[in-house]
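Have a look at the structure below before the remarks.
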Amino acid sequence: AQKVTQAQTEISVVEKEDVTLDCVYETRDTTYYLFWYKQPPSGELVFLIRRNSFDEQNEISGRYSWNFQKSTSSFNFTITASQVVDSAVYFCALSARAGNNRKLIWGLGTSLAVNP
Amino acid sequence: DSGVTQTPKHLITATGQRVTLRCSPRSGDLSVYWYQQSLDQGLQFLIQYYNGEERAKGNILERFSAQQFPDLHSELNLSSLELGDSALYFCASSTGVRGGGDTQYFGPGTRLTVL
């Protein structure tokens, strides 16, 4: 089965705290892709990062960092020194083969509230 | 700004009616995807088109249909609307590279309210 689990439904932190959003995936595909998207209160879905299954290097972009661990099938997202503007729903997604097609499978999202 | 445009931004209509949602993909993207996001069901993939042809189908109801035109814009038609169809409808586009795994960029969405 192909699945993405974001076990944290809601997280609330105070500004400047670090926060990690967990993402665990399941797939038998050997070539797959992982994504994170952000959905702020305004509603649009914003692409944050894409990672392929052969690249386990961690990535840092400003206050955002991603930790990809194939051994634990996890692709966790950390926001350092969180800010109120980080308040949003964050979705993790997996692109893996389903028959002849590749399918994007979404987690249910983690709602992050950063309080001043 | 993702480069994907969707119109209209908001749509309010009555049960039983038919509406058309429109999407223009990013320049150069050949694939268009439609998603429905409702509070109780999360983000649901509806359908994908690649260069005018249907490529993949998800949980799309028979009352819903879509097409992609030669200029690559796409329309999602929703008919015999029910209260439960109220949702945010997203269009996304990608290059559609063979093998998949390419990034989908999302439009701002159309919020449909069925009264």
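Chains as they are written, first to last, in this note's numbering: chain A, 320 to 435; chain B, 8 to 122.
Glycine included, each C-beta is placed from N, C-alpha and C at the ideal position.
From the beta-carbon of F387 of chain A, no residue of chain B is found nearer than 7 Å; the closest lies around 15 Å away. Within chain A, N420 have C-beta atoms less than 8 Å from the C-beta of R62 of chain B, given in sequence order.
As the crow flies, the alpha-carbon of G114 of chain B is around 5 Å from that of V11 of chain B. Closest in C-alpha terms to N377 of chain A, from the list A:Y383, A:F387 and A:T328, comes A:F387. According to DSSP, S81 of chain B shares a beta bridge with B:C30 and B:Q75. For the region 327-357 of chain A, residues whose beta-carbon sits nearer than 8 Å to a beta-carbon of chain B comprise T350, Y351, Y352, F354 and Y356. N419 of chain A and K64 of chain B have their C-alpha atoms spaced approximately 12 Å apart. Nearest to E69 of chain B by C-alpha distance, out of B:T22, B:N84, B:H17 and B:V39, is B:N84.
Counting the other Cβ atoms within 10 Å of the Cβ of L122 of chain B gives fewer than 16, which makes it exposed. Excluding residues up to 5 positions away in sequence, D337, V338, T339, L340, Y383, S384, W385 and N386 lie with their Cβ nearer than 8 Å to the Cβ of T397 of chain A in the same chain. The region 357-368 of chain A and the region 403-415 of chain A touch, with three or more beta-carbon pairs separated by less than 8 Å. Q44 of chain B counts as buried, since no fewer than 16 other beta carbons sit within 10 angstroms of its beta carbon. For the C-beta of F366 of chain A, the chain B residues within less than 7 Å are, from N- to C-terminus, T110 and Y112.
At a cut-off of 7 Å, the C-beta of L50 of chain B has a neighbouring C-beta in chain A.
Under the DSSP definition of a beta bridge, N395 of chain A partners with A:N386.
According to the DSSP assignment, N371 of chain A belongs to the beta strand (DSSP E) that extends over V365 to N371. In the three-state reduction of the DSSP assignment, L37 of chain B falls in the coil class, being assigned neither a helical nor a strand state. Per DSSP, N377 of chain A lies in no beta strand (DSSP E) and is assigned neither H nor E.
Under the Cβ criterion of 7 Å, R369 of chain A is counted among the residues facing chain B.
Counting the other Cβ atoms within 10 Å of the Cβ of A415 of chain A gives 16 or more, which makes it buried. Beta-bridge annotation (DSSP): L423 of chain A is paired with A:S414.
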